[in-house]
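Our numbering applies: residue 411 is where the sequence shown begins, and numbers increase by one.
Comments concern the structure below.
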Amino acid sequence: MPRLPPLSSMEAFLEVARHGTVKAAAIELGLSMPALSRRIQTLEHVVGRPLFNRHHHGLSLTETGRTLQGQLSPILDELRAVIAQAGSPNALLRLHLNVLPLFAQQRLFPRLPELRRQHPELHIDIDTMSHAEARLGDGIDAAIALARSIDPALYAARLDQDKVFPIAARTLTDGDRPITVPEQLQRMTVLLHREMPETFSEWKKAIGMPYLEPAGIDYFDSGPLMLEAAAQGIGIAFMHGHHFDDAHDPRLVRLFDYDVDSPYSYWFVCRPRALRQPAVKLFHDWLLAARI
411 MPRLPPLSSM EAFLEVARHG TVKAAAIELG LSMPALSRRI QTLEHVVGRP
461 LFNRHHHGLS LTETGRTLQG QLSPILDELR AVIAQAGSPN ALLRLHLNVL
511 PLFAQQRLFP RLPELRRQHP ELHIDIDTMS HAEARLGDGI DAAIALARSI
561 DPALYAARLD QDKVFPIAAR TLTDGDRPIT VPEQLQRMTV LLHREMPETF
611 SEWKKAIGMP YLEPAGIDYF DSGPLMLEAA AQGIGIAFMH GHHFDDAHDP
661 RLVRLFDYDV DSPYSYWFVC RPRALRQPAV KLFHDWLLAA RI
């Protein structure tokens, strides 16, 4: 039987494939670039074909490399789960979950006591970094993502379908020049979440004003900070109806009376094989049944 290549070379290949550069993968793994390159070369020698196209702009996967990435990644995920189970039988009831801070604060955490009462054996480690889909299987078991759509290679369950609200400080609707019509946004700053960059452009098209341009656009990676910035009058936040309703902040008001569907939804996302893990399956089933 042919011998397998070193596990380290397979991990190195997947990291380079995920990051797209040897430098970024080397930083992630704590290796020098020459050492990482040698690991890739070891795997290519075993496979007998190049896994990357090398050019002065960087690296891109060959057809063989893309096939190997798709097949090898879930196998290593399963191997990690086997090792974790051997090291600690309780590991299968620990979920590593990525979730955006505002969803966690407004919708998930208020219901977690209910989950704990039903399943005291389940423990959840929370990660709030962005780009969760790209990190599934790499320390993240599952994620609650905010997106227009999900990579079809992943398992995804839509959690909601919401409306887009322009949210502003109540003080901006009072005084001598209250904001009453969308045209006044031309002298305001619009606040957008990095996970929802097209919210404003979709909203203005839906209300029949695609030409509308604000004085500026500021981007945030934190929903709670967006709401606070809006409450302080820094700008107009374009967010979901749930974000406004669940904030219960008397400093905030919804502007205008337009009913616009959001192009973005919250999704439960994981790799298909992850649903075999008891912790992932338990949380998935509870989340969908709870209709959070």
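Think of the CB as a built atom: it goes at the ideal place given N, C-alpha and C, for glycine as much as any other residue.
In this text the structure is predicted, and so the values were computed from the model without any measurement.
Secondary structure at residue i, three-state DSSP: helix, strand or coil?
i    : result
F666 : coil
S418 : helix
D695 : helix
D656 : helix
DSSP beta-bridge partners for residue i?
i    : result
P576 : F648
D628 : L601
W677 : A555, R568
Taking Cβ to Cβ, would you say residue i is nearer than 9 Å to residue j?
i    : j    : result
A689 : L505 : yes
H694 : A567 : yes
H653 : I702 : no
R681 : D535 : no
A436 : A445 : yes
P624 : M598 : yes
L503 : L697 : no
V600 : F648 : yes
A684 : D537 : no
A700 : E531 : no
K615 : P592 : no
H429 : E421 : no
G626 : G645 : yes
L507 : A544 : no
A427 : L471 : yes
A639 : D628 : yes
Quick check: the segment 555-564 against the segment 578-596, are at least 3 beta-carbon pairs closer than 8 Å? The segment 578-596 vs the segment 555-564: no contact.
Is it a yes or a no for the segment 414-434 touching the segment 451-458, going by three-plus beta-carbon pairs under 8 Å? Judged by Cβ distances under 8 Å, the segment 414-434 makes contact with the segment 451-458, as three or more pairs qualify.
Q. Hey, which unbroken runs of the alpha helix (DSSP H) at 4 residues or more fall wholly within the segment 457-509?
A. Fully enclosed alpha helix (DSSP H) runs of 4 or longer: 473-497.
Quick check for students: name the residue ranges of the beta strand (DSSP E) that lie wholly in the segment 520-596, counting only runs of 3 or more.
Correct list: 533-537, 552-557, 565-568, 574-579.
* Three or more C-beta pairs closer than 8 Å, one from the segment 661-675 and one from the segment 469-483: is that the case here? -> Touching, no.
(Q) Does the contact criterion of 3 or more C-beta pairs under 8 Å hold for the segment 509-516 versus the segment 633-643? (A) Yes, they touch.
*Three or more beta-carbon pairs under 8 Å between the segment 570-584 and the segment 658-671, yes or no?*
With the cut-off at 8 Å, the segment 570-584 and the segment 658-671 touch.
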